[in-house]
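J.:
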Amino acid sequence: MYLYNSATHKKEEFQTHTPGRVEMYTCGPTVYHYAHIGNLRSYIMEDVLEKFLRYEGYDVNRVMNITDVGHLASDADTGEDKMLKGAKRENKSVMDIAKFYTDAFFDDCAKLNIKTPEVVQPATGLIDEFIRVVSGLIDKGYAYVAGGNVYFDTSRLDHYYVFNDHDEEDLAVGVREGVEEDQNKRNKNDFVLWFTKSKFEDQALKWDSPWGVGYPGWHIECSCISMKFNGEYLDLHCGGVDNAFPHHTNEIAQSEAYLGHPWCAQWFHVHHLNTNSGKMSKSKGEFLTVSLLEEKGYDPLAYRFFCLQSHYRKGLVFSWENLDNAAGAYNKLVKRIAALKGGDGEIDREAAARFKEKFLTQVGNDLNTSMGITCLYDVLKAPVNDVTKRAVLADFDQVLSLSLLEKAAQLREKEAAQAKTSGADGFTIQGEGDPAIDALVLQRAQAKKAKNFAEADRIRDELKAQGIEVTDVPGGAVWKRI
Ligand SMILES: [Zn+2]
């Protein structure tokens, strides 16, 4: 496939270090609160990317961290500790908060059909590894101890601004955001690898280290977790675009300094979900969660559909009206699939292969998910039998994960339960609410009653040709599509 690489600022042919295998890393959530649907947009798009790579035949090893320590309110090591903030807000221990919101995150993911990565590693479970890598960075001269903390020395690098979509002035603002300058830093962009001199008297989680009792910085956890579970060469690193600086920039700095060779070849950044008043965040306006969507009567998969309708490298504007439109389109799509018949012949393998080729090309062009959705409509419109359509849609849905056939089956069951038609003489027909079929079933019953068995058989065969099976039951008949 072709994928835009934010490290090179170009769309490139996707390649892996080991043929056929993708080492993929995703920055996981900081588990101090519910994820808002803007964060979940990134995870949805990353999920489609992973599934598309698998669909192309790659074996994917996907690794994700859970940040349960060390992420301060500003991404640049300043402000309050996010976990501590969550614990204080809810009057619980930091570990309880971490457990609760980790579970909540994966519940949300399940509702959105986001697959759980092969490896999910909470930061607190790998402290010894962080200490080992930080020690290594000090030994190699890339890190220094000052004022009780360990810092990465960015002046030791030839290149620091890898994602230079940012200019230096923006970076300076990013670092300043919200807080006081740390006087221990030798260079403005140096960042903390290990805190011992905590600003927080009540820092709950602390570990012994060669530099004193403390806790790791946020950036080091992703490098260490990836190097441990993905190996020394990472093929694909994903995250929200707001993590490009300083988080991902710092991940590259410390990983390459530690390894002594290039680390991650391809960077995939998902752009923001915006509201009409700007970037969605936890602190601004309505706090939009998956639970809130459900409370308002939306199927979480309608939100997934909404995200897939636009490109991951464009900001997406969320409004209830936009979501309504997406939900309407999703329901209509499911309805059209529910109306497809079964049993109308063999799968047209040639047509299916043509559809697949088109889907691979379209979605493989920088993960163009909206073209992936267009492919679904193209299949529905195509002059092929319904069996082929159903097979192709099910195939594409391995990537899009919109539960299309499952939702269609649920809809048909629902309609069947509602569609009890009473004919003459109290004859009851139970089917899927199709009046034309009901009429034929009734005609067949009347023919049988009149002992016109040839006509009854003829109608049964006619129904069968349409993929309908009729079963006689006391007082009526039941029909279903086969
Ligand atoms: Zn990360």
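If you count the sequence shown from 1, you need to add 41 to reach this note's numbering.
Built from N, CA and C at the ideal position, the CB exists for glycine as well.
Please read these numbers as outputs of a predicted model, since none were measured by experiment.
(1) If distances are taken between C-alpha atoms only, which option among 51, 256, 92, 422 comes closest to residue 380?
(2) Would residue 375 and residue 449 qualify as a contact pair, given that the criterion is a beta-carbon distance under 8 Å?
(3) Are the CB atoms of residue 79 and residue 314 within a distance shorter than 8 Å?
(4) Please return the same chain residues whose Cβ sits closer than 6 Å to the Cβ of residue 377, not counting the five positions on each side in sequence.
(5) By the three-class DSSP mapping on this structure, what secondary structure does residue 521 have?
(6) Within the structure, which residues are defined as neighbours of ligand 1 by a Cβ-heavy atom distance below 5 Å, reported in chain order?
(7) Taking only beta-carbon atoms, is residue 402 less than 8 Å away from chain D?
(8) Roughly how many whole angstroms lie between the Cα atoms of residue 214 and residue 287?
(9) Run through the segment 129-168 for me and flag every whole beta strand (DSSP E) of 3 or more residues, listed as ranges in chain order.
(10) Rounding to the nearest angstrom, what Cα-Cα distance links residue 219 and residue 249 in this structure?
(11) Please go through the segment 221-265 and give each complete beta strand (DSSP E) segment of 3 or more residues, from N-terminal end onward.
(12) According to DSSP, is residue 281 helix, strand or coil?
(13) Short of 8 Å in beta carbon distance, which residues of its chain neighbour residue 526, apart from the five on each side in sequence? Order them along the chain.
(14) From the DSSP output, in three-state form, read off residue 218 for me.
(15) Could you check what DSSP says for residue 305 in three-state terms: helix, strand or coil?
(16) Need the endpoints of the beta strand (DSSP E) that residue 471 sits in, please.
(17) Going by the DSSP bridge assignment, what does residue 45 pair with across the sheet?
(18) How is the alpha helix (DSSP H) around residue 371 delimited, first residue to last?
(19) Go ahead and label residue 134 buried or exposed: buried means 16 or more other beta carbons lie within 10 angstroms of its beta carbon, across all protein chains shown.
(20) Given residue 217, which residues of its chain have a CB within under 7 Å of its CB, disregarding the five upstream and five downstream residues?
(21) Taking one C-beta from the segment 143-155 and one from the segment 278-293 each time, how about it: are there three or more such pairs within less than 8 Å?
(22) Figure out for me which residue from 428, 228, 180, 173 has the closest Cα to the Cα of residue 195.
(23) May I have the straight-line CA-CA distance separating residue 497 from residue 484, to the nearest angstrom?
(24) Please list the segments of the beta strand (DSSP E) lying wholly inside the segment 399-463, counting only runs of 3 or more residues, in order along the chain.
(25) Whose C-beta lies closer than 6 Å to the C-beta of residue 270 among residues of the same chain, with five residues either side of it excluded?
(26) May I have the straight-line CA-CA distance separating residue 300 from residue 63, to the nearest angstrom?
(27) Taking residue 100 as the reference, which of 109, 90, 108, 106 has the closest Cα?
(28) Report yes if the C-beta distance between residue 173 and residue 183 is below 8 Å; otherwise report no.
(29) Just tell me which of 190, 264, 499, 479 has its CA closest to the CA of residue 251.
(30) Would you call the CB atoms of residue 76 and residue 148 closer than 8 Å?
T.: Let me lay it out:
(1) The residue among 51, 256, 92, 422 with its C-alpha nearest the C-alpha of residue 380 is 422.
(2) Cβ distance < 8 Å, so residue 375 and residue 449 count as in contact.
(3) Residue 314 places its beta carbon less than 8 Å from that of residue 79.
(4) Closer than 6 Å at the Cβ level, and outside the excluded window around residue 377, lie 421.
(5) Strand, per DSSP.
(6) Those residues, listed in chain order, are 68, 263.
(7) Within the model displayed, chain D is absent; a lone protein chain is all it includes.
(8) With a pLDDT of only 45 at residue 214, under the threshold of 50, the placement of this residue in the model should not be trusted, and no figure is reported.
(9) Entirely contained in the segment 129-168, the beta strand (DSSP E) runs reaching 3 residues are, in chain order, 160-163.
(10) Model confidence at residue 219 stands at a pLDDT of 46, short of 50, so the residue's coordinates are unreliable; what they give is reported in the following sentence. Rounded to whole angstroms, residue 219 to residue 249 spans 30 Å at the Cα level.
(11) Those beta strand (DSSP E) runs which fall completely within the segment 221-265 and span 3+ residues are 232-236.
(12) Strand, per DSSP.
(13) For the chain, the structure presents residues 42 to 523; residue 526 sits outside this window and is missing.
(14) Note that residue 218 scores 48 on pLDDT, short of 50, meaning its location in the model is unreliable; the coordinates nonetheless yield the value given after this. DSSP places residue 218 in coil when its eight states are reduced to three.
(15) Correct three-state label for residue 305: strand.
(16) Residue 471 -> beta strand (DSSP E) spans 469-471.
(17) According to DSSP, which records beta bridges pairwise, residue 45 is partnered with 52.
(18) DSSP places residue 371 inside the alpha helix (DSSP H), whose first and last residues are 361-379.
(19) Exposed, because fewer than 16 other Cβ atoms sit within 10 Å of the Cβ of residue 134.
(20) Bear in mind that the predicted position of residue 217 carries a pLDDT of just 46, short of 50, making it too unreliable to give a figure here.
(21) Using a Cβ-Cβ distance cut-off of 8 Å, the segment 143-155 and the segment 278-293 are not in contact, since fewer than three pairs of beta carbons, one from each stretch, lie closer than that value.
(22) Residue 195 has its Cα closest to that of 228, out of 428, 228, 180, 173.
(23) Between residue 497 and residue 484, the C-alpha separation is close to 8 Å.
(24) Runs found: 461-463.
(25) Excluding sequence neighbours, residue 270 sits near 104, 160.
(26) Going by the C-alpha atoms only, they are around 19 Å apart.
(27) Put simply, of 109, 90, 108, 106 the residue whose alpha carbon is nearest the alpha carbon of residue 100 is 90.
(28) For residue 173 and residue 183, no; Cβs fall outside 8 Å.
(29) Per the Cα distances, 190.
(30) No, Cβ-Cβ distance for residue 76 and residue 148 is not below 8 Å.
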